[in-house]
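Sequence lines, in order, name chains Z and L. Anchor point for the first sequence: position 235 equals 222 in the working numbering, and the numbering is continuous, going up by one each time. To convert a position in the second sequence, counted from 1, into the working numbering, add 106. Have a look at the structure below before the remarks.
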Amino acid sequence: MTSAMMQSQILVIGAGPAGIAAAIAADSKGQSVILIERAESAGGILNQCIHDGFGSIRFGEQLCGPEYAYKEIKRLEGSSVIAYFHTTITEIRREEDFFLIDAVSPKKGTMTLKVEAIILATGCRERSARQIFLQGDRPSGVFTAGLAQYVINCMGYLPGKRCVILGSGDIGLIMARRLTLEGSSVLGVYEIQNEPSGLSRNIVQCLNDFGIPLHLSRTVIELHGKHRLESVTIMDVDENRQFIKGSEQIITCDTLIVSVGLIPEHDMVRELGIKYDPHTSGPIVDQTYMSNVPGIFCCGNALHVNDLVDYVTESGEIAGDAAVDYLNGIIPRKKIELIIDQSIGSIIPQTISLSATKTFTLPLFIRSKRTMRKSILRITNGGNELFTKRFNVVKPPEMIRIDLSCEISKVQTDFPFLISIKEERS
Amino acid sequence: MNNRVDRLQNTLNRKFTTKIECSQINDSIRLEGDLDTLSDWLSAGYLAAKDFGYKVINDITISGVGPTSEPRLKEKTQRLKKNTYDVLIIGGGVIGASVARELSRYKISVCNLEKESDVACHTSSRNDGMIHPGFAASPGTLKAELNVKGNRAYSQICEELQVPLSRPGSLMLLKSRLYLPLIPIMLDRAKKNGVDGEVRFLSKREVRRLEPNLSDDHFGAMNFPSAGQLSPYGLTIALAEHAVQNGVDINFNTEVLEIQREQDRIEAVRTNNGMIHCKVLINAAGCWSDRIAELAGDRYFSLHFRKGVDCILDKALSEEQTMIAANPILFKTHASHSKGGGIVPCVEGNILIGPTAQEIFSRDDYATHLEDFDALFKIMSLNKRFSKKDIITYFAGIRSCSWNEDFIIEKSPVLENMIHIAGIQSPGLASAPAIGEKVKGIVLKILGDVNLDPTYSQFRKVTPNVSLLNHVDKTELLFKRPDYGNIVCRCENISEGEIRDVLRSKIPPMTLDGIKKRTRSGSGRCHGAFCAPKILSIMSDELGIPIEDIEKNGHGSQIVMGKTKQGGTHD
Ligand SMILES: Cc1cc2nc3c(=O)[nH]c(=O)nc-3n(C[C@H](O)[C@H](O)[C@H](O)COP(=O)(O)OP(=O)(O)OC[C@H]3O[C@@H](n4cnc5c(N)ncnc54)[C@H](O)[C@@H]3O)c2cc1C
Ligand SMILES: Cc1cc2nc3c(=O)[nH]c(=O)nc-3n(C[C@H](O)[C@H](O)[C@H](O)COP(=O)(O)OP(=O)(O)OC[C@H]3O[C@@H](n4cnc5c(N)ncnc54)[C@H](O)[C@@H]3O)c2cc1C
């Protein structure tokens, strides 16, 4: 028995929208591309998102997740990308100027790949109940929102009948509606912050339209029930997120859906020395989405958590194009850091690499730290203002996307770019 | 004799404003009355233990409340394997399993009874997995003797069972200069207890060289090279599987409800699933062992319960510390009868922090609370690299403690054919092999003429751990069994094949937690958010039960509640 040995220039890991876009982009520039996906088919998380709201920027219409995925998969099938499904990578080793990758699959057994560049498009995972320190018993009936979504939409089972939802992120809101439509009673959505963390349209369409109450500055602290969940204790918090004593209340329920955030996933490459950004939990990248490790690129939710799939596809294209440039030996000369102040939660990319071109245009993705009205976003460099834009309102859940164009001769390359958002006094 | 009772009565009268009644029953002392706090309740018990050792029956209520009684299992849920055995063991924890495995070497029929749906559902899956060196207990105690013997036995047992064991050694950090003069005394104690390996004092500099990330807030450390670590449920399952492989029966979901005796002999036990007769009855019921003694009409000791909370850090930190490190508690209080917590690098690569110690008035309240973390964060600060955000999970366990804080392992003083194993708190796991040996000795004495079973097989049969195989072996294996190439749990890299293997093993797990204990699937950082659905489907397929019926840990802990609305258009 021999193990299959394969070779290509670029390996894309993950066939969600990001990975598909990256693979097609690199393929269309004539590079050999292998795409590896752990699941049995392409599409990633889109396959379980049967609600609509996908693709308005890219396709100009409101699609549901599987429809968006279908369109992308058709494009993939029209390319010469070699895709392996149901295949899991078990190890990645970095050699001098290439990578060796071990993978397994039930069809092919073990295989080894030799590639020159890797694009990570592995999506994200959900933060668990334990990661937010829920206490009390550990019964069944506690689901992360994505798991509940999979159980309902892909398996056809009901997580529970009386549900409390913790966290007002988009997936939690969507699940509040989904559970209601399946006949479960959703008792309420509890959010520790004083504003919801999901998109406004989801608050309206998923909660208000169904009369589901949203409780802000209130959170679940303990679970009760030795076997199946029987109740939860909720508690109010003050402005500093400290529990307010005496505000405890017990709610009888059999299910808790935890929707408390997503974390970019790249466990596989942890050992390769990649530097991470504590704000995004993803790798630190330049505008080509290359990490500090030459030849390793990252896109989609593996880079930072996106709220719109259209941007995810775009990021895949950027990484795919850039990986080709990298293989063609286009090497950036100098890096400029993008530094954010306390008004900003995170930014992608975190650095800009200057190449031989005279001008550059690149998309910046920015999340504000808090909701601000009538505000102005500013980018400065060595005291010079490079960019300003006014916003009626910025909210953390809604990512800001701007296009930054600069003439390199005008940039003071020894100084970082400083980015801030300020409320304008009227 | 009565002097002892009168003396205790006087002490209690002086100490408490309400009347505590002392009465002697055979060799034991019984306390009755009502006190306001758990702390008073404990003081009364410990005062009695000064003269009566573990033979204290503390029936004092706390503000009118006695110990709660748990709901019992439903009658007749399944058939018993047989109705007569030479030896019956109540309890499928590490102690019951260790005893069963020892007895499986002989030509006798042995059966374990366990009220849960799996082995290792209580204390034996809720501990630190540490194989203590045997230093902490005072010389002359059962704890000290059996811990040292148990520690020594583990190297061979783990080989026979194919259970991973590490021996990283431990550092007992000395937090105060005041401890330095005690070093010769400590070395002497290690010698008296017979602790293996070269026990020695390491200067602060030597400690720093070994463990550079430890905080410098100490004056050197005692080093015990024989300290080890293993997966406590992995071990318990392996012991039980090996016993079953050698002919032992286990009845799960079977709770002992009554014990029938003919004068001073046990005849049979009545369970929710029917009667079972036996020649010897062994009480290895952990936190319920005083209840079992009571059922046998043999209540000459009682227990108290100490909860411990542990937390587990992400595997990514496994390089940050290799040795076990702890702060000793050299000045004992009630709570410190179990060794104060420490940092334990686990054989699977995670770091474990804990346990805490808190007396409670319950046998199975495993809830954790935010307050527990104050103590855990303090322990965590022993290593500069660890922080709160590294915690991936936490759990609680309950130690069952006798009133003199030593193990109770003996033939009943009254009954000819009943053996009690009680108060098996820490280092119960470390001592388990030696406890098994000791109990085997008592059983053989009761049964008389018993021969070794020539068909006994020394090694447990195991299935492959695919992620540990080399490339060539893996390639070959996957060719034969493609399901080993279908990775189901991505955090721990567990394949469908490995899950099917455990479902076809000697003790097939019937619950999701049972799968988790055997394969670690779902115990990584995602906590099963990805793998749970896949595992449910595989379980349903192998066990032939619908997904709706699969439970997390028995007792109605179903994962899903039926099917969604069928047909029509959705959301
Ligand atoms: C519940 C939910 C609702 C959403 N709603 C909307 C919406 O209404 N509108 C909108 O525009 N956007 C929405 N989004 C956001 C958008 O769908 C996602 O951001 C986008 O799908 C992410 O794409 P991705 O390719 O980065 O990751 P994913 O879609 O998660 O794809 C990652 C892929 O990588 C694979 N993979 C991971 N690790 C490995 C490995 N080691 N080996 C092989 N394969 C691997 C995974 O199996 C998966 O297929 C929603 C997201 C969620 C979760
Ligand atoms: C937090 C913590 C950390 C610890 N750390 C360590 C350590 O690092 N090293 C160490 O050596 N020790 C440690 N210990 C101690 C160790 O865990 C115990 O000594 C050991 O697990 C006790 O095993 P057991 O078999 O006696 O009890 P259990 O595992 O509780 O088994 C008893 C079984 O009996 C069953 N049972 C009870 N009543 C009935 C009935 N009527 N019918 C049928 N079945 C019944 C129960 O269901 C249970 O499964 C720790 C303990 C705790 C709580």
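Just so you know, even glycine gets a beta-carbon here, dropped at the ideal spot from N, CA and C.
For aspartate 124 of chain Z, the residues of chain L that pass the 7 Å Cβ criterion are Tyr472, Ala473, in the order they occur in the chain. Residue-level contact check: alanine 635 of chain L touches chain Z, since one or more beta carbons of chain Z fall below 8 Å from its beta carbon. With respect to the C-alpha of proline 53 of chain Z, the residue from Z:Gly47, Z:His38, Z:Glu64 having the closest C-alpha is Z:His38. In the structure shown, cysteine 417 of chain L adopts extended strand secondary structure according to DSSP, grouped into three states.
Taking 8 Å as the Cβ-Cβ cut-off, the stretch 131 to 147 of chain Z approaches chain L at Thr131, Gly133, Leu134, Tyr137, Val138, Ile139, Asn140, Cys141, Met142, Gly143, Tyr144, Leu145, Pro146, Gly147, given in chain order. Nearest to arginine 314 of chain L by alpha-carbon distance, out of L:Val594, L:Val301, L:Asn329, L:Ser231, is L:Asn329. Beta-bridge partners assigned by DSSP to proline 451 of chain L: L:Ile457.
Sixteen is the threshold: since fewer than 16 other Cβ atoms of the shown chains lie within 10 Å of the Cβ of arginine 371 of chain L, the residue is exposed. The Cβ atoms of glycine 151 of chain L and asparagine 132 of chain L lie no closer than 8 Å to each other. According to the DSSP assignment, methionine 162 of chain Z belongs to the alpha helix (DSSP H) that extends over 157 to 168. Here the C-alpha atom of isoleucine 195 of chain L lies approximately 18 Å from the C-alpha atom of leucine 341 of chain L. Within the model, the alpha-carbon separation for leucine 249 of chain Z versus proline 639 of chain L is close to 19 Å.
At a Cβ-Cβ threshold of 8 Å, serine 204 of chain L and valine 354 of chain L do not count as neighbours. Interface flag for arginine 257 of chain Z against chain L is set, since a Cβ pair is found closer than 8 Å.
Runs of the alpha helix (DSSP H) spanning 4 or more residues and lying entirely within the stretch 505 to 554 of chain L occur at 534 to 553, in chain order. Taking the CA atoms as reference points, lysine 546 of chain L sits about 21 Å from cysteine 393 of chain L. If you draw a straight line from the Cα of arginine 357 of chain Z to the Cα of asparagine 315 of chain Z, it comes to about 42 Å. Within a 10 Å sphere around the beta-carbon of lysine 376 of chain Z sit fewer than 16 other beta-carbons, which makes this residue exposed. The count of Cβ pairs closer than 8 Å, one atom from the stretch 297 to 313 of chain Z and one from the stretch 358 to 370 of chain Z, stays below three, leaving the stretches out of contact. In this structure, ligand 1 has a non-hydrogen atom nearer than 7 Å to the beta-carbon of leucine 33 of chain Z. Taking 7 Å as the cut-off, the C-beta of histidine 38 of chain Z counts as close to a heavy atom of ligand 1.
Shown here, lysine 640 of chain L sits in a helix according to DSSP, grouped into three states. In the three-state reduction of the DSSP assignment, arginine 587 of chain L falls in the coil class. Using a Cβ-Cβ cut-off of 8 Å, glycine 96 of chain Z counts as an interface residue toward chain L, since at least one Cβ of chain L sits closer than that to its own. Within 9 Å of the CB of threonine 75 of chain Z, the CB atoms of chain L belong to Gly591, Asn592, Ile593, Arg596, Asn599, Ser601, in sequence order along the chain. By the Cβ criterion, the stretch 251 to 265 of chain Z is not in contact with the stretch 173 to 187 of chain Z, since fewer than three pairs of Cβ atoms, one from each stretch, lie closer than 8 Å. For lysine 671 of chain L, the C-beta contacts it makes with chain Z under 7 Å involve Glu169, Gly170, in order along the chain. In this structure, ligand 2 has a non-hydrogen atom nearer than 7 Å to the beta-carbon of arginine 232 of chain L. Set against 7 Å, the gap from the CB of lysine 221 of chain L to the closest heavy atom of ligand 2 is smaller. Pairing cysteine 384 of chain L with valine 193 of chain L gives a Cβ-Cβ distance under 8 Å. Excluding residues up to 5 positions away in sequence, Ala5, Ala9, Ala108, Tyr276, Ser302, Gly303, Ala306 lie with their Cβ nearer than 6 Å to the Cβ of cysteine 286 of chain Z in the same chain. Counting along the chain, the unbroken alpha helix (DSSP H) around methionine 292 of chain L starts and ends at 289 to 299. Taking a beta-carbon distance threshold of 8 Å, valine 91 of chain Z counts as an interface residue toward chain L.
Beta-bridge analysis with DSSP links alanine 333 of chain L to no other residue. Its chain contains Ser246, Val247 as the residues whose beta carbon lies nearer than 6 Å to that of glycine 154 of chain Z, once the 5 sequence neighbours on both sides are disregarded; these appear in chain order.
If you check the C-beta of serine 532 of chain L against ligand 2, you find a heavy atom less than 7 Å away.
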